[in-house]
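Residue numbers (the working numbering): 1 to 468.
Ideal placement from N, C-alpha and C gives every residue a C-beta, glycine not left out.
Structure record follows, encoded as structure tokens.
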Amino acid sequence: MRSRAFCLSLQQRPARFGAAEAAMAQLPESLQLEMFPGIYGNDFRHLLPDLSALEAAMGCRLYHQWPICDVEDVVRMKPELAELPDWKAWETYISWHRCWISDRASNYIDFYNRHLKLGEVAACLGHFRLWQKAVEEDLELCVVFEDDARPSRSGLEKFLSELAKLDAMEFQWDLIYLHSALYSKAQEPEVPGCELLLAGHRKWAGAYALSSRGLKKLVASGYDQCIFPVDDFLPALHSFHPRPDIRDLPCVRAVDGFVALTVPDTQKLVEVEDRGSVSKFSTVLLGDLGATMGDSEDECEAQPLEAFEDFSFQSDAAAAAAMLAQHGFVLLRLPDSFAEAEEAWQEFFAGSRKSCFRGLRSGAGLAAELPLADVGYTRQTAREHFHVILGASDQQEWPPKLQQKTQPLVDALEQLCRQLLRALPNGPVMDEAWERETMRTKDASVFDAFSYFPRTGNQSGPGTIHAK
Numbered sequence: 001m002r003s004r005a006f007c008l009s010l011q012q013r014p015a016r017f018g019a020a021e022a023a024m025a026q027l028p029e030s031l032q033l034e035m036f037p038g039i040y041g042n043d044f045r046h047l048l049p050d051l052s053a054l055e056a057a058m059g060c061r062l063y064h065q066w067p068i069c070d071v072e073d074v075v076r077m078k079p080e081l082a083e084l085p086d087w088k089a090w091e092t093y094i095s096w097h098r099c100w101i102s103d104r105a106s107n108y109i110d111f112y113n114r115h116l117k118l119g120e121v122a123a124c125l126g127h128f129r130l131w132q133k134a135v136e137e138d139l140e141l142c143v144v145f146e147d148d149a150r151p152s153r154s155g156l157e158k159f160l161s162e163l164a165k166l167d168a169m170e171f172q173w174d175l176i177y178l179h180s181a182l183y184s185k186a187q188e189p190e191v192p193g194c195e196l197l198l199a200g201h202r203k204w205a206g207a208y209a210l211s212s213r214g215l216k217k218l219v220a221s222g223y224d225q226c227i228f229p230v231d232d233f234l235p236a237l238h239s240f241h242p243r244p245d246i247r248d249l250p251c252v253r254a255v256d257g258f259v260a261l262t263v264p265d266t267q268k269l270v271e272v273e274d275r276g277s278v279s280k281f282s283t284v285l286l287g288d289l290g291a292t293m294g295d296s297e298d299e300c301e302a303q304p305l306e307a308f309e310d311f312s313f314q315s316d317a318a319a320a321a322a323m324l325a326q327h328g329f330v331l332l333r334l335p336d337s338f339a340e341a342e343e344a345w346q347e348f349f350a351g352s353r354k355s356c357f358r359g360l361r362s363g364a365g366l367a368a369e370l371p372l373a374d375v376g377y378t379r380q381t382a383r384e385h386f387h388v389i390l391g392a393s394d395q396q397e398w399p400p401k402l403q404q405k406t407q408p409l410v411d412a413l414e415q416l417c418r419q420l421l422r423a424l425p426n427g428p429v430m431d432e433a434w435e436r437e438t439m440r441t442k443d444a445s446v447f448d449a450f451s452y453f454p455r456t457g458n459q460s461g462p463g464t465i466h467a468k
């Protein structure tokens with residue numbers, strides 16, 4: 001069998017690239033490894049905010065209607081929802097995801113239906129280019145690892161033995177998930193004669209295998225002309241996706257009879273390090289609205305030290321605003337109250353005594369639950385939950401300890417934001433608008449103020465903060 005394993009990683013991140021290559025030493029001898037250089041999104045960043053130029057240079061097209069951030073986005077998918085009140089239209093959208101496990105659906109709705117990032121687009125396109133290479137070389141088996149995957153030799157030998165069983169049964173398959181998370185509620189049927197399961201709706205593309213026929217289907221789909229997150233694209237080919245616009249995309253409809261299998265979750269064939277995505281801090285693309293000129297980890301390493309002035313709460317706000325305009329991004333050193341508040345929230349969410357936190361979500365006008373995971377709670381998960389709480393209405397009743405730890409941070413960040421607002425052109429007007437909006441919505445979030453930060457030239461867009 002013509003087979004190969006590929007590890008997708010950025011050569012521009014040599015430490016991460018080297019660590020991934022070393023981890024791939026666990027592969028069985030029968031599975032030849034090739035380190036596949038990923039696409040470096042920052043090579044194209046100079047073209048922004050001209051998305052047409054970006055797409056032409058990268059040789060792809062984005063699905064500009066991917067984000068579901070506002071009621072208008074929901075109505076775009078289902079125009080008849082325009083007749084409903086905003087909160088009801090949004091509730092209808094949320095109800096579509098009831099086919100998924102509730103905590104995963106809530107996490108997806110809250111955090112993953114946002115604007116695409118440049119690094120994410122580059123990563124998705126990297127997967128597609130890898131598939132193309134595998135088809136060109138007429139591979140019968142292609143195993144794909146992202147660079148945070150950590151396969152075990154025994155696990156992959158187990159996987160290869162399951163493949164042998166499929167071959168003996170002449171079972172036709174397209175994709176096998178080696179590491180993923182189940183989103184659909186329905187039980188996954190067993191494949192007779194082996195230990196694999198017919199995959200339900202699963203996400204994460206950190207480790208998977210493709211057959212020759214699966215590779216050809218993916219390459220012929222036209223996914224490169226309709227880029228959206230690859231771990232949303234793959235499950236949409238073989239399972240029900242709650243979003244009707246995703247189901248109707250040409251690249252999804254073009255793929256017929258896509259058979260996806262998965263190893264049972266109890267079998268840990270591949271582990272994934274909790275290192276976070278390289279693209280997490282990348283420039284945010286806003287579809288037809290252009291792009292923010294945000295920062296990225298790579299730029300933080302590449303830029304001269306002068307670009308990373310720490311901004312304390314006593315610093316001159318005008319100087320900070322000038323630095324934002326000069327560099328297009330800023331690294332803010334947050335106060336100790338950030339770590340203290342985050343630790344309190346992590347303890348709260350990880351506690352077995354509480355299964356959910358009920359409160360009024362800002363602008364929604366309805367109660368919302370924030371389900372919690374019993375195991376596998378990470379620092380990143382805590383940060384995500386923490387940001388949700390900061391964006392929630394102050395009508396919520398926080399437990400006393402959380403109130404005590406969180407309020408100083410909220411107050412400090414609001415003070416910083418308002419200092420920066422006053423330093424910008426028309427600052428007093430902006431400051432007054434901020435005050436009026438806060439009174440109107442009773443919104444405890446202070447991060448929206450960063451949307452007023454200036455960028456290069458006359459552009460504007462949301463800023464970014466990082467904890468040090």
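Its chain contains PHE145, ALA149, LEU178, HIS179, VAL270 as the residues whose beta carbon lies nearer than 6 Å to that of ALA207, once the 5 sequence neighbours on both sides are disregarded; these appear in chain order. By the beta-carbon neighbour count (other beta carbons within 10 angstroms, threshold 16), ALA82 is exposed.
In the DSSP annotation of this structure, the continuous segment of the beta strand (DSSP E) that includes TRP204 starts and ends at 202 to 211. Rounded to the nearest angstrom, the gap between the Cα atoms of MET1 and LYS133 is 17 Å.
Taking C-alpha positions only, PRO250 is separated from ALA236 by approximately 12 Å.
In this structure, ASP174 and LEU210 form a Cβ contact; the two beta carbons are roughly 7 Å apart against a cut-off of 8 Å. The C-beta distance from LEU261 to LEU198 rounds to 6 Å, short enough to fall under 8 Å. The C-alpha of LEU10 lies about 17 Å from the C-alpha of VAL272.
Nearest in C-alpha terms to LEU156, of all of ALA254, MET24, THR406, is MET24.
Separation of ASP411 and ASP110 (C-alpha to C-alpha, rounded to the nearest whole angstrom) is 24 Å.
Beyond the five residues adjoining it in sequence on each side, TRP131 comes within less than 8 Å, by CB distance, of CYS142, LEU210, LEU215, LEU218, VAL219 in the same chain, given in chain order. For GLU34, the uninterrupted beta strand (DSSP E) segment begins and ends at 33 to 37. Linking THR92 to ILE227 through their CA atoms gives a straight-line distance of about 26 Å.
Between the beta-carbon of ILE176 and that of LEU160 there is about 11 Å, and that puts the pair past the 8 Å contact cut. Cβ-Cβ separation between TYR183 and LYS203: approximately 6 Å, consistent with a contact (criterion under 8 Å).
Residue ASP86 holds the alpha-carbon nearest to the alpha-carbon of ASP70 among LEU402, PRO264, ASP86. Under the 10 Å beta carbon count, GLU190 is surrounded by fewer than 16 other beta carbons and is classified as exposed. Distances from the CA of TYR63 to each of VAL263, GLN267, LEU125 were compared; the closest alpha carbon is that of LEU125.
In this chain, the alpha helix (DSSP H) harbouring VAL74 covers 71 to 77. According to the DSSP secondary-structure assignment, PHE145 is paired through a beta bridge with CYS7, ALA207. Taken atom to atom, the span from the alpha-carbon of PHE258 to that of LEU33 is near 26 Å. In the three-state reduction of the DSSP assignment, VAL272 falls in the strand class, which pools E and B. In the displayed model, ALA123 falls within a helix according to three-state DSSP. Straight across, the Cα-Cα distance linking ALA20 with PHE6 is about 11 Å. Around the C-beta of ARG253, fewer than 16 other C-beta atoms lie within 10 Å, and the residue is accordingly described as exposed. In its chain, beyond the 5 residues on either side, no residue has a beta carbon closer than 6 Å to the beta carbon of GLN267.
Of the residues assessed, SER221 falls on the buried side of the cut-off, its CB having 16 or more other CB atoms within 10 angstroms. Between VAL75 and LEU116, the alpha-carbon positions lie close to 20 Å from each other. Bridge partners of THR262 according to DSSP: TYR177, LEU197. Each residue's CA atom was taken as its position, placing PRO192 and MET77 some 39 Å apart.
Sorting GLY59, GLU347, PRO264, ALA344 by C-alpha distance to the C-alpha of GLU162 places PRO264 at the top. Per DSSP, the continuous alpha helix (DSSP H) segment holding GLU91 begins and ends at 86 to 95. Taking the Cβ atoms as the reference, LEU8 lies roughly 23 Å from HIS201, outside the contact range of under 8 Å. Spanning the alpha carbons of ILE39 and ARG61 requires a straight line of approximately 15 Å. Between ALA57 and LEU47, the gap from beta carbon to beta carbon is short of 8 Å. The Cβ atoms of PRO242 and TRP66 do not sit closer than 8 Å to each other.
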